[in-house]
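Student: Residue numbers (the UniProt record's numbering): 1 to 83. Beta carbons are placed, not taken as given, at the ideal position from N, Cα and C, and that holds for glycine.
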């Protein structure tokens with residue numbers, strides 16, 4: 001036994017009006033995206049991006065060592081404050 005049941009209904013004038021409204025909204029959205037400067041989103045994975053090499057300066061900080069052992073008064077006392 002097989003039944004051929006379709007959930008599709010023929011389009012009505014109300015559906016057509018909603019479709020026109022959706023098209024108008026899509027056109028407005030496309031115009032807004034073009035005005036803002038983007039039309040879609042994509043990935044930059046494994047792609048070279050212009051201007052990506054600009055960055056901050058890597059400034060190396062000089063390491064200051066503190067003496068824990070062999071100091072006057074012994075090593076088992078609090079450290080003097082750092083500079």
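Alpha carbon to alpha carbon, what distance is there between residue 21 and residue 59?
Tutor: About 57 angstroms.
Student: For residue 71 and residue 63, what's the separation of their Cα atoms in angstroms?
Tutor: The straight-line gap from Cα to Cα measures roughly 20 angstroms.
Student: In three-state terms, what does DSSP make of residue 21?
Tutor: Note: residue 21 maps to helix in three-state DSSP.
Student: Does DSSP put residue 72 in a helix, in a strand, or in coil?
Tutor: In the structure shown, residue 72 sits in coil (DSSP, three-state: anything other than H, G, I, E or B).
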